[in-house]
Amino acid sequence: MRADIDVAVCEVGLRDGIQGIDQFFPTDKKKAWIAAEAAAGVGEIEVCSFVPPSVSGQFVDCEEVIADALTHDGLSVSALVPNLRGAERGFPTGLHKLSFVLSISESHNQANVRCSREESLDRFRQIAELRDSSPENKKVTLAVGLATALGCTIEGQVDPADVVRTAEKALEYGADELSVADTVGYANPTQVRDVYRLLRRHLGDDVVLGAHFHDTRGLGLANVHAALDEGVRRFDASLAGLGGCPFAPGASGNIVMDDLVFMLEAMGLKTGVDLDALVAVREIVAAGLPDEPLLGAIAKAGVPKGFAAANVAA
Ligand code: ZN
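If you want it as C-alpha cells, here you go:
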C-alpha cells in the first residue's frame, strides 16, 4: 500500500458494477472514467473481467481498456479472471493484478462458474503456476476473492470454518492477498468482526486481507466500520454504487465509493482521494449508462459544513 495513505480504496464499478448490465458501456467512456478517477486519487481500479463474451458482453474491449489504463502513472490496474484461459489473456497485457473469485458456498460456486469449490481451487493453482512460470508474469499480484463468505442466496448461512479452510488453500497455492466478499449483501457488523478475527487467528498478521462488501440490505458502510476495527485497510467499492444484484431486482450493488471515501476521510483516515473530483466522475458514468440509477448520499446531500478531509487536514 502507498505510504501516504491510511486506507486503500479500489474501484470495481467497471467490472462488478457493469457486468450484469445489458447496455454496453462504451469503451471511450470506460477510458474517461478510469482517467478521471485515477486523477481524483483512486490508487487501484479493477478495469474488466476476462470472461468470454457469452457470459457478459461488457468486456469485449479488455485488452484496449487495460492498455489505456496502464498509461496512468501510479495507478494499479487489475482485472478479474474466472479460469486459466482468462489468465492466459490477462498476463500478457502487463497489468498489475489478477483477481480470481471462488465461492465459499458450494451451490453458489456451481451456479456461478459451474464447478465445485475444489475444482475452482485447482483452477487457481494452475493460474498461480502460470504466474510463476516466467519473470514477467511473476510481477503480477494474485488476489483471491472469497465470494459468499458471509452468506449465500442458495445456502443461506455459510460456515466460517469453510472460509478459513478455503483461505488457507488459496494461500498455499500462491495467493498474494485475499478478499472477504459479502457477494449478496447478507452480512452484519458482528459477523464481519467475527470472520476477520477468525481469519487473523488462523492466517497470522502478515496476510493482506481486503473487503468486498455489497450494500444490498443497507449495512455496507456499517460492515466497513467493523472491518476497520479489525485492522482491514483495503476496501472495494463502486462509484455511485453501480451494479445491482441479478437475484434481487431493484437492490443496490457494491458499496458506494463516494460515500466510503467521505466516511473514511471524515474519520481522519487518509485515502489519497479528492472527494469533489471523485463525485464529479459520476457525470461520466451517467453519460455512459443513461438508464442506470446512480446511488449515493454525499453526491445528493453534499458534505457537512466545516468538513475537512483527512488528506487536507494532515
Ligand atoms: Zn461483488
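Quick note on numbering: the working numbering labels position 313 of the sequence shown as 315, and the sequence is numbered without any gaps. For each residue, glycine too, the CB sits at the ideal point set by N, CA and C.
Run through the DSSP bridge pairs and tell me what R236 is partnered with.
Per DSSP, A10.
Tell me whether H214 sits in a helix, a strand or coil according to DSSP, three-state version.
Of the three classes helix, strand and coil, the one that applies to H214 here is strand, per DSSP.
Is the beta carbon of A239 within less than 8 Å of some heavy atom of the ligand ZN?
No, since every heavy atom of the ligand ZN falls outside the 8 Å radius drawn around the Cβ of A239.
Output the distance between the C-alpha atoms of D18 and M259, rounded to the nearest integer angstrom.
Straight-line Cα distance between these residues: approximately 13 Å.
Span of the beta strand (DSSP E) holding V103?
That run of the beta strand (DSSP E) goes 99–105.
With which residues is V79 paired in a DSSP beta bridge?
In the DSSP output, where bridge partners are listed per residue, V79 has I47.
Just confirm the distance between the C-beta atoms of F52 and V83, as a whole number of angstroms; I'd bet it's less than 8 Å.
Indeed, because the Cβ distance is near 5 Å, the residues count as touching under 8 Å.
For D238, which residues of its own chain have a beta-carbon under 6 Å away from its beta-carbon, when the five flanking residues on both sides are left out?
Excluding positions up to five away in sequence, the list reads C12, V14, H214.
Relative to the C-alpha of A163, which residue among R202, N139, A289 is closest?
With distances taken between Cα atoms, A163 lies closest to R202.
From the DSSP output, in three-state form, read off E108 for me.
Note: E108 maps to helix in three-state DSSP.
Taking 9 Å as the threshold (C-beta atoms), are I106 and A151 in contact?
Yes; because the gap between Cβ atoms is below 9 Å, this pair is in contact.
Among the candidates Y175, E174, Y198, K171, whose CA atom is the shortest distance from the CA of D184?
Cα-wise, what sits closest to D184 is Y198.
Using a threshold of 9 Å, state whether the C-beta atoms of L100 and L72 are closer than that.
No. Outside cutoff.
With 16 as the cutoff for other CB atoms within 10 Å, does F264 come out buried or exposed?
By the neighbour-count rule (16 or more Cβ atoms within 10 Å), F264 is buried.
I'd like to know if the stretch 32–49 and the stretch 296–307 are in contact, where contact means that at least 3 CB-CB pairs between them fall below 8 Å.
Short answer: they don't touch.
Please classify Q25: is it buried, with 16 or more other beta-carbons within 10 angstroms of its beta-carbon, or exposed?
The residue is exposed, with fewer than 16 neighbouring Cβ atoms inside 10 Å.
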